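Remarks on the structure that follows.
Number of protein chains: 2
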Amino acid sequence: MELTVAEENYLKAIYHLSDGGKKSVSTNDIAAEINTKPASVSDMLRKLGEKEVIEYRKYYGLQITETGKRYALQTIRKHRLWEVFLVEKLNFAWDEVHEVAEQLEHIQSPLLIQRLDAYLNFPKFDPHGDPIPDEFGDVRSRPRVQLNEMDVDQTGQIVAVKDSSAAFLRYLDKVGAYIGARIKVLDKVEFDGSLEILVDQKKTLFMSKDVASNILVLQS
Amino acid sequence: MELTVAEENYLKAIYHLSDGGKKSVSTNDIAAEINTKPASVSDMLRKLGEKEVIEYRKYYGLQITETGKRYALQTIRKHRLWEVFLVEKLNFAWDEVHEVAEQLEHIQSPLLIQRLDAYLNFPKFDPHGDPIPDEFGDVRSRPRVQLNEMDVDQTGQIVAVKDSSAAFLRYLDKVGAYIGARIKVLDKVEFDGSLEILVDQKKTLFMSKDVASNILVLQS
DNA sequence: TTTAATATTTAGATTAGGCTAAAAATAAAT
DNA sequence: ATTTATTTTTAGCCTAATCTAAATATTAAA
Ligand SMILES: [Mn+2]
Ligand SMILES: [Mn+2]
Ligand SMILES: [Mn+2]
Ligand SMILES: [Mn+2]
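Protein sequence lines correspond, in order, to chains A and B.
All letters in the first sequence, in the order written, are residues 1161 to 1380 by the numbering used here.
All letters in the second sequence, in the order written, are residues 1161 to 1380 by the numbering used here.
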């Protein structure tokens, strides 16, 4: 069976919002995520239900099926591989890739993806630190914690970001908080949850709780 | 103004069939080229006329406008750059690229194309020997002649193919007639126009007039 | 110069994806 | 336990791109 571009986008949104099928997702959430109206979502859910990529009970929400997960993971795989390509080969900044990857992920050609994967040396993570599912949809995920939840004196390495918006990524660039950076929590302000961080053993950095909550760390 | 994927495909077909705006094109020809019905073509011509990328007079054919040419050349540029990428970087065979390039040519991102072009070292020709328009739509075309029109003892270099079908390209691979090969016409059979060719000063090759007419040569 | 053949366009449907406004179901508050 | 608010779905409409069948224009033949 083949999915349309719109169906692929919906399925990907559902997969993400449901955290891989764990949480339940609302019609309104989907509408917000992909910038459509709830009425349009209802209609699409009916169609996705008929195609059996979700299990849909009117008014009671939906459950992504195993088939649906496979499709979603396939699209996510393509999206992230293209992002790696854009950054590694075409020198895109990490905040410039998302829009384009959003289009490239819909190109249909198994050979293309297989070759692209090999060309990039089978990367395991995209430029934002998110894991790239393998061709069978398996994801090797690392245990990671939000920076705002770490305690003073704990150390680790930035491995991913939760928010991939250009604004946030450009901010991180500016302050030097790149993926791979080793960090240590120097201080935490009780009052507002803001943090003082040591980056790469040399630079100290202050950040709000809000910023910190969008930085994911592999503790060490 | 932005064109839809279908509009881009129509415009490209019109550009090709009209030989860059020189020849006149029929509704039926377009339908055949892009595998649709004439009725669908009529409707699309009306729309393309409204968008002023063609000048359309019902029953009397059409003329591609300067604006239309710019759009068509932009799409052709993208198509050919992607073909180079697929062959040079992802090791696609030259008969495997067309389908995928047909999709990739519709990705919207000026930055992407600019970077891709640079990454490929500003190639001037695609894997089938067709020239790649520059970002302004300028095409540097070489004078080339169909192999079947050459005379005995004349020499040259294969620079392009007219037919890019997988079947034809695989045949050329098999007999060793690649782009760049130096050739010499050893003999021509008066009766059916078939030819005997010397390839790279070592291999002789017999081919029908039909095959030869799809091979383009830069004479020397 | 009529008539026949061919090419092209129009009419009317269909499918996909979206929208607004109204209806209906569920959830939250009194 | 009603009433109110929120969420979700349905109804009806729209645009893009396709199709088949019918109508019309152009071109070729008799
Ligand atoms: Mn992304
Ligand atoms: Mn997308
Ligand atoms: Mn091609
Ligand atoms: Mn195309």
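Even glycine gets a Cβ: it sits at the ideal position worked out from N, Cα and C.
None of the values given here were measured: they were computed from a predicted structure.
Can you tell me whether DSSP reads residue i as helix, strand or coil?
i	result
Ala-1253 of chain A	coil
Pro-1198 of chain B	helix
Gly-1297 of chain B	coil
Gly-1209 of chain A	helix
Asp-1347 of chain B	strand
Met-1367 of chain B	strand
Pro-1270 of chain A	helix
Gln-1306 of chain B	strand
Phe-1328 of chain A	helix
Thr-1227 of chain B	helix
Leu-1163 of chain A	coil
Ala-1232 of chain A	helix
Arg-1342 of chain B	strand
Glu-1215 of chain B	strand
Ala-1261 of chain B	helix
Val-1377 of chain A	strand
Ile-1174 of chain B	helix
Leu-1280 of chain B	coil
Ile-1318 of chain B	strand
Val-1359 of chain B	strand
CA-CA distance, residue i and residue j?
i	j	result
Asp-1286 of chain B	Glu-1243 of chain B	6 Å
Leu-1171 of chain B	Val-1299 of chain A	42 Å
Pro-1303 of chain B	Ser-1380 of chain B	11 Å
Tyr-1366 of chain B	Asn-1308 of chain B	Correcting the residue identity first, residue 1366 of chain B is Phe in this sequence and not Tyr. When rounded, the distance between both Cα atoms is 12 Å.
Met-1271 of chain B	Gly-1336 of chain A	The question names Met, but residue 1271 of chain B is Leu in the sequence shown. Using only the alpha carbons, I get a separation of about 25 Å.
His-1239 of chain A	Ser-1373 of chain A	24 Å
Leu-1208 of chain A	Gln-1268 of chain A	19 Å
Leu-1376 of chain B	Ser-1325 of chain B	15 Å
Leu-1163 of chain B	Asp-1360 of chain B	45 Å
Tyr-1331 of chain A	Val-1257 of chain A	16 Å
Tyr-1216 of chain A	Phe-1282 of chain A	36 Å
Leu-1250 of chain A	Gly-1340 of chain B	28 Å
Gln-1317 of chain B	Asn-1195 of chain B	34 Å
Thr-1315 of chain B	Val-1371 of chain B	17 Å
Glu-1168 of chain B	Val-1312 of chain A	57 Å
Ser-1152 of chain B	Ala-1278 of chain B	In this structure chain B extends from 1161 to 1380, so residue 1152 of chain B is not present and cannot be described.
Pro-1198 of chain B	Ser-1178 of chain A	46 Å
Val-1260 of chain A	Leu-1276 of chain A	16 Å
Ile-1174 of chain A	Ile-1190 of chain A	7 Å
Ala-1166 of chain B	His-1176 of chain B	15 Å
Find the nearest neighbour of residue i within the set the options, judged by alpha-carbon distance.
i	options	result
Lys-1284 of chain B	B:Gln-1306, B:Leu-1264, B:Leu-1307 and B:Val-1319	B:Val-1319
Gln-1263 of chain A	A:Ile-1236, A:Ser-1184, A:Thr-1225 and A:Gln-1274	A:Ile-1236
Glu-1295 of chain B	B:Glu-1259, B:Leu-1233, B:Gly-1209 and B:His-1239	B:Leu-1233
Gly-1297 of chain A	A:Thr-1364, A:Gly-1316, A:Leu-1329 and A:Glu-1226	A:Glu-1226
Ser-1301 of chain A	A:Gly-1180, A:Ile-1174 and A:Glu-1162	A:Gly-1180
Leu-1280 of chain B	B:Glu-1167, B:Val-1213, B:Asp-1323 and B:Glu-1248	B:Glu-1248
Ile-1343 of chain A	A:Lys-1229, A:Val-1201, A:Gln-1306 and A:Ala-1199	A:Gln-1306
Leu-1346 of chain B	B:Met-1310, B:Lys-1322, B:Pro-1291 and B:Ala-1327	B:Met-1310
Leu-1329 of chain B	B:Gly-1289, B:Ala-1199 and B:Trp-1254	B:Trp-1254
Gly-1228 of chain A	A:Val-1260, A:Asp-1333, A:Lys-1348 and A:Lys-1211	A:Lys-1211
Tyr-1219 of chain A	A:Val-1321, A:Ile-1273, A:Val-1213 and A:Leu-1205	A:Leu-1205
Asp-1290 of chain A	A:Asp-1323, A:Val-1349, A:Tyr-1231 and A:Ile-1224	A:Asp-1323
### Query
Taking Cβ-Cβ distances below 9 Å as the criterion, which residues of the stretch 1243–1270 of chain A are in contact with chain B?
Leu-1246, Lys-1249, Leu-1250, Asn-1251, Phe-1252, Glu-1256, Glu-1259, Val-1260, Gln-1263, Leu-1264, His-1266, Ile-1267, Gln-1268 and Ser-1269
### Task
Mind the definition here: the stretch 1344–1363 of chain A touches the stretch 1185–1195 of chain B only if three or more C-beta pairs lie below 8 Å; say whether that holds.
no
### Task
Note down, in chain order, all residues in the stretch 1320–1335 of chain A with a beta-carbon under 9 Å from any beta-carbon belonging to chain B.
For the stretch 1320–1335 of chain A, there are no residues whose beta carbon sits under 9 Å from a beta carbon of chain B.
#### Entry: Any residue whose CB is nearer than 6 Å to a heavy atom belonging to ligand 5, listed in chain order
Because ligand 5 does not appear in the structure shown, any question about it cannot be addressed here, the ligands present being ligand 1, ligand 2, ligand 3 and ligand 4.
### Query
Taking Cβ-Cβ distances below 9 Å as the criterion, which residues of the stretch 1229–1241 of chain A are in contact with chain B?
If you check each beta-carbon in the stretch 1229–1241 of chain A against every beta-carbon of chain B, none falls closer than 9 Å.
### Task
May I ask you to list, following chain order, the residues of the stretch 1204–1230 of chain A that have a beta carbon less than 9 Å from some beta carbon of chain B?
none
### Task
With 9 Å as the limit, tell me which residues of the stretch 1278–1291 of chain A have their beta carbon closer than that to any beta carbon of chain B; keep them in chain order.
The stretch 1278–1291 of chain A vs chain B, Cβ under 9 Å: Ala-1278 and Tyr-1279.
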